[in-house]
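> Numbering (the numbering used here) for the sequence shown: 58 to 204. Virtual Cβ for every residue (Gly too), placed ideally from N, Cα, C.
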Amino acid sequence: MNSTRSQTTCAIFGNPSTLKDTVLPTYADVMRYCQKSIQTCDKLPIVEFQKIETTLPLIDKEDLSSDQKYLLDMVIAITTGDCPTTLANRNPGILCHSRWLTTANRILRLYVSTEKPTKELELMVTYVLSLTQFKETVIMHIRKMFY
58 MNSTRSQTTC AIFGNPSTLK DTVLPTYADV MRYCQKSIQT CDKLPIVEFQ KIETTLPLID
118 KEDLSSDQKY LLDMVIAITT GDCPTTLANR NPGILCHSRW LTTANRILRL YVSTEKPTKE
178 LELMVTYVLS LTQFKETVIM HIRKMFY
């Protein structure tokens, strides 16, 4: 029996062949794509990189851990398009698969060291930036509820 299926278009994702371009990466995707690069990203020099517009989180740095402060400083650097030498020389944290924060820090550090980032790297950076906005909103709501 000869079956010819016509390719349908999803109202949300569009054409199934472009689905991969519209879905956020999984942790496995991130590791498959850039595991070797993010292990040594802190040794790479800072280059002129494309800034990415985002809303900066309104968080008091005193309430943050050192990894969270690094993440916030990297978000500011990527938003402004300027990564200070002092930030470039800071350690983004040891890569640990169970800690998404150090992985996110290393992805951002890799971005500021990449002159021509791939579409995948840009997608991962944009995703990390959107997570920082979401987390800031959640933290603010929790503080209002309990403090």
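#1: Give the secondary structure of Val132 by DSSP, where H, G and I count as helix, E and B as strand, and everything else as coil.
#2: Please state the DSSP three-state secondary structure of Val169.
#3: For the candidate residues Lys126, Thr137 and Asp120, whose alpha-carbon lies nearest to that of Lys108?
#4: How about Ile116 and Val182: do their beta carbons lie closer than 8 Å?
#5: Who are the Cβ neighbours of Pro102 in its own chain at under 7 Å, not counting the five residues just before and after it?
#6: Do Leu152 and Thr142 come within 8 Å of each other at the CB atom, strictly closer than that value?
#7: Residue range of the alpha helix (DSSP H) that Thr175 falls in?
#8: Of the residues Glu172, Gln125, Asp139 and Ile133, which one's Cα is nearest the Cα of Pro149?
#9: Would you grab the beta carbon distance between Asn162 and Leu128 for me? Rounded to a whole angstrom, and I think it's under 8 Å.
#10: Could you please give the first and the last residue of the uninterrupted alpha helix (DSSP H) stretch that includes Thr143?
Checking against the coordinates, here is how it stands:
#1: In the structure shown, Val132 sits in a helix (DSSP, three-state: H, G or I).
#2: coil
#3: Thr137
#4: For Ile116 and Val182, no; Cβs fall outside 8 Å.
#5: Excluding residues within five positions, the ones whose Cβ falls inside 7 Å are Ser170.
#6: no
#7: Looking at the DSSP string, Thr175 is not in any alpha helix (DSSP H), and its letter there is neither H nor E.
#8: Gln125
#9: 5 Å
#10: Thr142 to Ala145
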